[in-house]
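Below you'll find the structure, written out as structure tokens, and then a few comments.
Chains as they are written, first to last, in my numbering: chain A, 33 to 148; chain B, 524 to 639.
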């Protein structure tokens with residue numbers, strides 16, 4: 033059973049508009065969430081993260097919103113640029129219970145296309 | 524600072540062979556994690572090492588093994604390769620000893636393994 037889900041395989045937006053990428057999770061014990069961007073033939077690039085004590089974190093054009101009661105997070109990109117076209121993954125951090133170590137559990141990804 | 528480096532970039536092996544993939548973490552990062560990504564899916568966790576000890580293992584067969592060296596670099600070994608092992612293998616480094624961002628993982632470019 034997939035613990036982190038990105039239900040939209042693709043999204044297309046016009047340059048300058050807002051892009052909203054969504055992610056749902058099932059495990060209420062997750063306390064940390066991350067978003068990554070991935071270009072073909074490259075590794076994922078870390079974008080932004082949020083801990084469960086917050087409901088919003090902002091970094092430049094990127095804002096992540098967390099709704100713990102709904103087990104839902106979203107990434108907003110404003111304004112969207114053609115260079116933002118990539119696959120976006122959300123991930124949840126699952127710790128092992130000691131030493132701040134743990135693994136990332138990823139969604140399936142959403143392909144964003146920003147049209148000029 | 525240099526990011527996470529991985530070698531080789533690409534690799535072609537035959538079924539039944541063995542392969543070794545290498546990873547050097549970001550300077551100062553003491554933890555390395557390995558992930559497998561197949562086309563159309565998010566990365567799947569294989570191993571995490573921290574301070575040269577295995578801290579976590581994903582749902583992969585015993586044909587997969589890894590180790591971490593005193594300089595915190597790491598190797599992933601896969602024995603008796605199967606066609607299904609063809610994937611992008613990603614290494615990520617992190618700093619579990621680092622305060623509020625202990626959960627953030629930074630990825631290398633990956634090694635593309637093709638098994639024929």
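Ideal Cβ placement from N, Cα and C applies to all residues, glycine included.
A direct Cα-to-Cα measurement between residue 96(A) and residue 607(B) gives close to 35 Å.
Between residue 548(B) and chain A, the shortest Cβ-Cβ separation is not below 8 Å. Contacts between residue 554(B) and chain A, judged by CB atoms closer than 7 Å, involve 133 in chain order. In the DSSP assignment, residue 583(B) falls outside any beta strand (DSSP E), carrying neither H nor E. Rounded to the nearest whole angstrom, the CA to CA distance from residue 573(B) to residue 45(A) is 41 Å. Here the C-alpha atom of residue 602(B) lies approximately 7 Å from the C-alpha atom of residue 542(B). No Cβ of chain A is located within less than 8 Å of the beta carbon of residue 531(B).
Taking 8 Å as the threshold, the shortest C-beta distance from residue 568(B) to chain A falls below it. Residue 535(B) is a Cβ neighbour of residue 637(B), given a cutoff of 8 Å.
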